[in-house]
Structures are given as structure tokens and as C-alpha cells.
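Engineer: Position 2 of the sequence shown, counted from 1, bears residue number 2 in our numbering, the numbering being contiguous throughout. By construction, the Cβ of each residue, glycine as well, lies at the ideal position given by its N, Cα and C atoms. Below are the C-alpha cells for one structure; questions will follow.
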Amino acid sequence: MDWLIKSAIVIGLFSLTFMLNMPFGYLRGKTKRFSLKWFLYVHLPIPFVLLARILSNIDMTYIPLFV
């Protein structure tokens, strides 16, 4: 894969991860800490980020960027 295409994919996935986590962080800030809603707001975005990373065929090297 060309480095320019790979860079664009990584930047796109990073942006997607950031934009997906923003509303969940906002909702998490309004709930009681360690409640069921708080737990769900922390963990619900993870499958979507994982699916996007798998579908884009990005190496495991880039995982720390999406956490």
C-alpha cells in the first residue's frame, strides 16, 4: 500500500475515532461514575473503532493511535 494512501486511512480512522468518542465522553460526564451507563459510554465505541480498523486493513502498529 502506498504510504500516502496509508497515511490518509490512518488520519481518517483517527478522526473517526475522535469524533465517535466525543459524544460518548459528553454523555459519560453527565452520569454517575462507575454506573452501568458510565460503563456503556466507555465501552460502546470500541466495537465500531475495531470494525473500522479491521475493514481498512491497517496493521496492529497503529492501534495505539485509536485508543
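Going by beta carbon distance, what residues of the same chain come within less than 6 angstroms of Leu65, once the five residues before and after it are set aside?
Structural biologist: Counting only Cβ-Cβ distances below 6 angstroms, and skipping sequence neighbours, we find Phe14.
Engineer: Quick one: is Arg33 buried, meaning 16 or more other Cβ sit within 10 Å of its Cβ, or exposed?
Structural biologist: The residue is exposed, with fewer than 16 neighbouring Cβ atoms inside 10 Å.
Engineer: For the alpha helix (DSSP H) holding Arg53, just list the boundary residues, first then last.
Structural biologist: That run of the alpha helix (DSSP H) goes Pro45 to Leu55.
Engineer: Could you tell me whether the Cβ atoms of Tyr69 and Phe24 are closer together than 8 angstroms?
Structural biologist: Any answer about residue 69 is impossible in this case: the structure gives the chain only from 1 up to 67.
Engineer: If distances are taken between C-alpha atoms only, which option among Ile63, Met22 and Ile58 comes closest to Ile5?
Structural biologist: Among Ile63, Met22 and Ile58, the Cα nearest to that of Ile5 belongs to Ile58.
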